[in-house]
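In what follows, a single structure is set out as structure tokens and then discussed.
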Amino acid sequence: MKPVRLLVLGALRRRRRTHGYQIRADLESWGAHEWSTATSGSVYHALKSMTDQHLLTAYETDSAGPPRIEYELTDKGEQEYIALLRKALADREPSLDVLGAAIGLIEDLSREDALEMLHARARAMRNWRDSVTEHLPADVNLDTWGPVGEVVSLWLTTADAGAEWTQRLIRRLEGGAFTMAGEAPAPTQPDL
98 MKPVRLLVLG ALRRRRRTHG YQIRADLESW GAHEWSTATS GSVYHALKSM
148 TDQHLLTAYE TDSAGPPRIE YELTDKGEQE YIALLRKALA DREPSLDVLG
198 AAIGLIEDLS REDALEMLHA RARAMRNWRD SVTEHLPADV NLDTWGPVGE
248 VVSLWLTTAD AGAEWTQRLI RRLEGGAFTM AGEAPAPTQP DL
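Residues in the sequence shown are numbered consecutively from 98, following my numbering.
Printed below as a string of structure tokens:
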């Protein structure tokens, strides 16, 4: 999965209906051009491609200058967005830009749904780690295995760090972090 599709759908969903320039500006304000493949060209390509796939509806609008095209998610586009978001959160090894996009958009899911996906991710990571370690001798010293030992060490360290980070996010969500879909925002406190 490429992050630009998820990011464009998420940005458009938050705007309801807007033009490509605004979507691109929103993604740039999130810094997505720095940590993902969401460049100007990829955003416009994604808009055209997703319109052709009936995930978006394009509307030509009148303006003082040349006609401008505004986009809106279709029901199919909404379903695709939620499916991509869920998949990115549940995947044990999405690319960091895809995972970053999903975390940045996580509030579009219900708390229960987000937790379900993150628990699935944690399980998949544990299962993957177990599949690596089940073939290792009990008394293995990876330092004696040369480069292969370093590869196995990389896999295990990556699995452990990813699992630790996922568990931290699960704890934060279980503790009420963020305002998730369907929840009322917390009341603001007056300045004293």
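For every residue, glycine included, the Cβ atom is placed at its ideal position computed from N, Cα and C. Computed from a prediction, not measured in an experiment: that's the story for all the values here.
For I200, the enclosing alpha helix (DSSP H) covers residues L193 to G201.
Inter-segment contact for the stretch 223-241 and the stretch 196-214 is absent: fewer than three beta-carbon pairs are separated by less than 8 Å. For T263, the number of other beta carbons within 10 angstroms of its own is at least 16, and it is reported as buried. If you ignore the 5 residues before and after P191, its C-beta comes within less than 6 Å of the C-beta of A185, all in its own chain and listed in chain order.
Judged by their CB atoms, A198 and L266 are not nearer to each other than the 7 Å cut-off.
Taking every protein chain shown into account, the CB of A108 has 16 or more other CB atoms within 10 angstroms, so this residue is buried.
Runs of the beta strand (DSSP E) lying entirely within the stretch 147-224, each at least 3 residues long, are 153-158 and 165-170 in chain order. Taking all protein chains in view, the Cβ of S139 is crowded by 16 or more other Cβ atoms within 10 Å, so the residue is classified as buried. In this structure, the alpha-carbon of T154 lies about 41 Å from that of T255. As a beta-bridge residue in DSSP terms, T115 pairs with Y168.
Contact between M147 and G174 holds, since their C-beta atoms are separated by about 7 Å, short of 8 Å.
Cα atoms of E261 and W225: separation of roughly 14 Å, rounded to the nearest angstrom.
If you draw a straight line from the Cα of A161 to the Cα of P282, it comes to about 38 Å. The beta carbon of A143 sits closer than 8 Å to those of V101, R102 and V105, all from its chain and outside the five residues before and after it, given in chain order. For S250, the enclosing alpha helix (DSSP H) has its first and last residue at G243 to E271. Counting along the chain, E231 sits inside no alpha helix (DSSP H), nor does DSSP assign it H or E at all.
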